[in-house]
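What follows is a short report on a single structure.
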Amino acid sequence: MTASVAINPFPSKGELVVLFAGNEQTGPTHQVGPQVRDYHLVHYVVSGRGRFRCMGRDYELGPGELFFIFPGELVYYESDADDPWRYRWIGFRGENADRLLAMVDLSPHRPTLRAVSGRRNAALFHTVERTLLLGDPGCDLRAEGYMRLLLGDWAQSRMSVPASKQAEHPARHHVEQAIRWLNLQYSKPISIEEMAHTFGYHRTYLSKIFKQFTGLPPMGYLLKVRMERARQLLQEPLTIEQVASSVGYPDALYFSKQFKKWYGCTPSEFRTQHPNRQYEC
Numbered sequence: 001m002t003a004s005v006a007i008n009p010f011p012s013k014g015e016l017v018v019l020f021a022g023n024e025q026t027g028p029t030h031q032v033g034p035q036v037r038d039y040h041l042v043h044y045v046v047s048g049r050g051r052f053r054c055m056g057r058d059y060e061l062g063p064g065e066l067f068f069i070f071p072g073e074l075v076y077y078e079s080d081a082d083d084p085w086r087y088r089w090i091g092f093r094g095e096n097a098d099r100l101l102a103m104v105d106l107s108p109h110r111p112t113l114r115a116v117s118g119r120r121n122a123a124l125f126h127t128v129e130r131t132l133l134l135g136d137p138g139c140d141l142r143a144e145g146y147m148r149l150l151l152g153d154w155a156q157s158r159m160s161v162p163a164s165k166q167a168e169h170p171a172r173h174h175v176e177q178a179i180r181w182l183n184l185q186y187s188k189p190i191s192i193e194e195m196a197h198t199f200g201y202h203r204t205y206l207s208k209i210f211k212q213f214t215g216l217p218p219m220g221y222l223l224k225v226r227m228e229r230a231r232q233l234l235q236e237p238l239t240i241e242q243v244a245s246s247v248g249y250p251d252a253l254y255f256s257k258q259f260k261k262w263y264g265c266t267p268s269e270f271r272t273q274h275p276n277r278q279y280e281c
């Protein structure tokens with residue numbers, strides 16, 4: 001097993017900041033996690049195979065595919081026993097990192113992607129690492145520039161829309177944007193006014209089209225996302241207060257009341273009925 005990593009010696013506090021980059025040839029069944037990060041981390045699989053787990057779902061990944069780790073999400077990944085991963089990675093953060101990834105339709109609910117040009121992705125990952133290794137005062141800005149090139153490539157990979165979908169109702173695209181935003185922002189205080197302002201729509205229009213395509217008003221959908229996420233987190237070694245805070249409720253008592261209305265039992269009762277799940281190693 002061989003690995004190398006380069007750290008950004010001059011990290012800024014901008015909207016997109018590369019913290020480090022590296023690469024590794026993993027050994028058979030090499031495991032990482034379960035663990036939670038406080039920054040974003042993306043891996044590009046150069047060769048080999050492995051398994052990535054996020055939000056209770058497993059993804060089998062091979063050459064040319066990427067997997068994204070989001071801050072605060074419990075993840076686990078493991079190389080194949082016979083054909084272990086070789087991958088490159090970039091760690092980053094920034095005030096607009098979530099928004100930029102959402103524009104590429106990446107979120108904890110959709111954390112994987114197949115690159116349109118694997119060779120170009122591998123080269124850009126390598127260039128970011130090499131740039132940080134130089135360690136000169138301009139490396140931070142150059143690394144951010146290469147990161148934006150990667151985002152552009154990921155957008156091309158994700159956003160190539162089949163002709164059959166191009167004729168869909170234009171409002172559907174607006175709703176899909178709103179859904180992606182809610183899936184990323186559910187841990188924060190959210191109002192319909194803030195959501196409408198973010199997308200430049202009138203709140204009445206946004207509420208109308210959202211319910212038309214989902215059957216729920218925006219705040220009803222947000223409650224659904226929060227409750228489903230809370231149900232997953234209650235199967236992890238977290239306190240009720242930590243689960244409440246993780247899904248956007250600073251008041252644990254209010255969270256418990258909402259949970260009981262949704263599922264018919266309190267978080268503590270649910271936890272008793274569903275013991276913590278064990279991760280395979």
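For the sequence shown, the residue numbers in full-length UniProt numbering are 1 to 281.
Backbone N, C-alpha and C define an ideal beta-carbon position, used for all residues, glycine too.
Since we're looking at a predicted model, the values are computed, not measured.
Check	Outcome
Neighbour-count burial assignment, residue 52, 16 or more Cβ in a 10 Å radius	buried
Cβ shell of residue 124 (< 7 Å), same chain only, five flanking positions each side left out	146, 149 and 150
Status (buried if at least 16 other CB within 10 Å, exposed otherwise) for residue 218	buried
Strand pairing of residue 93, partner residues [DSSP]	17
Residue 226 versus 3, 13, 243 and 38, residue with shortest Cα-Cα distance	243
Span separating the alpha-carbon of residue 122 from that of residue 46	7 Å
Sequence-distant residues of its chain with Cβ nearer than 7 Å to residue 71 (five each side left out)	37, 38, 39 and 40
Close beta carbons around residue 54, own chain, < 7 Å, minus the five adjacent residues each side	73, 75, 108 and 111
Inter-residue Cα distance where the pair is residue 167 and residue 127	Here the model assigns residue 167 a pLDDT of 47, short of 50, so the residue's position is not dependable, and the following value carries that caveat. Those two C-alpha atoms are separated by around 39 Å.
Cβ-based burial, residue 96 [other Cβ within 10 Å; buried from 16]	exposed
Own chain partners of residue 199 with C-beta closer than 8 Å, once the 5 adjacent residues on each side are dropped	174, 177, 178, 181 and 206
Beta-ladder partner(s) of residue 35, from DSSP	75
Nearest-angstrom Cα separation, counted from residue 249 out to residue 263	17 Å
Helix, strand or coil at residue 3 according to DSSP, with G and I counted as helix	strand
Cβ separation of residue 83 and residue 48, assumed to be a contact under 8 Å, to the nearest whole Å	5 Å
For residue 171 and residue 215, the rounded distance between their alpha carbons	14 Å
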